[in-house]
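In case it helps, our numbering puts the sequence shown at residues -15 to 302.
Working notes for the structure below.
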Amino acid sequence: MSTDNIASWNSSAFLIASISGLSTCLGGLLVLFYGQPSTNKLGHLMSFSSGVMIYISFMDLLPEAVPFFTGMLFFGIIAKLFPEHDHDHEHDHGKQHDKKKPPGKPSLKDKEMKRIKQVGLITALGLSLHNIPEGIAVYVASLKGVNVGLPLAVAIAAHNIPEGMAVASPIYHATGSKKQAFFYSLISGVCEPLGALIFSFFIRDLDDYTIQSLLAAVGGIMVLVSFRELLPVALEYLKPESAMISNALGMIFISFSIYLLHGSSGIHGHEHSHGHDHSHGHSHSHDHSHSHSHSLDHSHSHDPVSYTHLTLPTKRIV
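Right, here's the structure in full:
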């Protein structure tokens, strides 16, 4: 293969990783066109996004337990570096109570908006870290062929959209600035092609186990972000029943999206590798060595629907 072909192929893989990552911005744009910010909308968006992220993390990114919990611990330490905010404002599931502001002290509303913005910033940081290994995974898969990398990219893009919503909605709610909300979702999305660039120029040698371990670690980050940041905000502004419904809808959305992608990519997890090696050994030494290696390898691997099982390569890319 000529150098030009290799360069062209790498650029194709990078383009696929970029499209996948920048779908995060689409989630940010959806928030901006969702009308004026409100605590009710914020709660539903946070709960829906956390449902997507929790489903992906537990159903898909947890082949390796140690990296998963290491990712949770790692980001938990980072999150603790952010200053704690008092939760002393009153709320009645979206109904705000006005209180007089003591002289020289920030109002409860100011403190609440600062705290919600911080939720958005921590979420943006966590998802930025999460997107780097995903960019590597899409890039490596795309090196095997567009038909291999594209289904994985589309599957990842499907959950990147709610992630963009999880970043943009608290920023927009707290600041009222569409530019800021879009900017932070853009930064988070750009980290996916950044991961592809890091692999392309500095690594170029990762086996499947290492990629799966990295994805497990960032799954831990997503779970921590969901339980530490997103769900508390949702439960603050919604009744538990409403938050639960939005959370379940997020899980259903991502599960159904991946199911459709499995069908469209022709990968049904079934792999009937019947291995019908019918070399009937016709040397009539009727050894019945029908070498019927009918080891029907019925590894019907009925795996749960997952996007990493769509296409991750099993050989090193050098």
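The beta-carbon is built from N, C-alpha and C at its ideal position, and this holds for glycine as well.
Judged by DSSP in its simplified three-state form, Y18 adopts coil rather than helix or strand.
When C-beta atoms of the segment 16 to 28 are compared with those of the segment 150 to 167, three or more pairs fall below 8 Å, so the two segments count as touching.
Three or more pairs of CB atoms, one per stretch, sit closer than 8 Å, so the segment 165 to 175 contacts the segment -4 to 12. In the displayed model, K128 falls within coil according to three-state DSSP, outside both helix and strand. No beta strand (DSSP E) of 3 residues or more sits fully in the segment 94 to 182. Taking C-beta atoms under 8 Å as the contact rule, Y123 and S184 qualify, at a distance of about 7 Å.
DSSP places S31 inside the alpha helix (DSSP H), whose first and last residues are T23 to M43.
When only Cα atoms are considered, L113 and L244 end up about 27 Å apart. Residue burial is scored here from C-beta neighbours: S161 has fewer than 16 other C-beta atoms within 10 angstroms and is therefore classed as exposed. Distance between I120 and V202, taken at the CA atoms: about 13 Å. A direct Cα-to-Cα measurement between P135 and G148 gives close to 20 Å. By the Cβ neighbour-count rule, K101 is buried, with 16 or more other Cβ atoms within 10 Å of its own. Between the C-alpha atoms of S241 and H143 there is a straight-line separation of about 9 Å. Ranked by Cα distance from L10, the first of S230, A165, L215 and I182 is A165. Residues P154, E213 and V217 of the same chain have their beta carbon placed closer than 7 Å to that of V103, with the five preceding and five following residues left out of the count. Out of V36, P21, N(-6) and I40, the CA that lies nearest to the CA of P146 is found in V36. In this chain, the alpha helix (DSSP H) harbouring E220 covers L215 to Y221. In this structure, S31 places its C-beta atom within 8 Å of the C-beta atom of N231. Only buried fits G234, as 16 or more other CB atoms lie within 10 angstroms of its CB.
For the 8 Å CB-CB criterion, G12 and A152 form a contact. Nearest in C-alpha terms to D192, of all of P117, A137, L222 and S226, is P117.
The C-beta of V207 has 16 or more other C-beta atoms within 10 Å across all chains shown, which makes the residue buried. Our two residues, I106 and E96, have alpha carbons roughly 15 Å apart in a direct line. Rounded to the nearest angstrom, the Cβ distance from V130 to S(-5) is 12 Å, too far for a contact under 8 Å.
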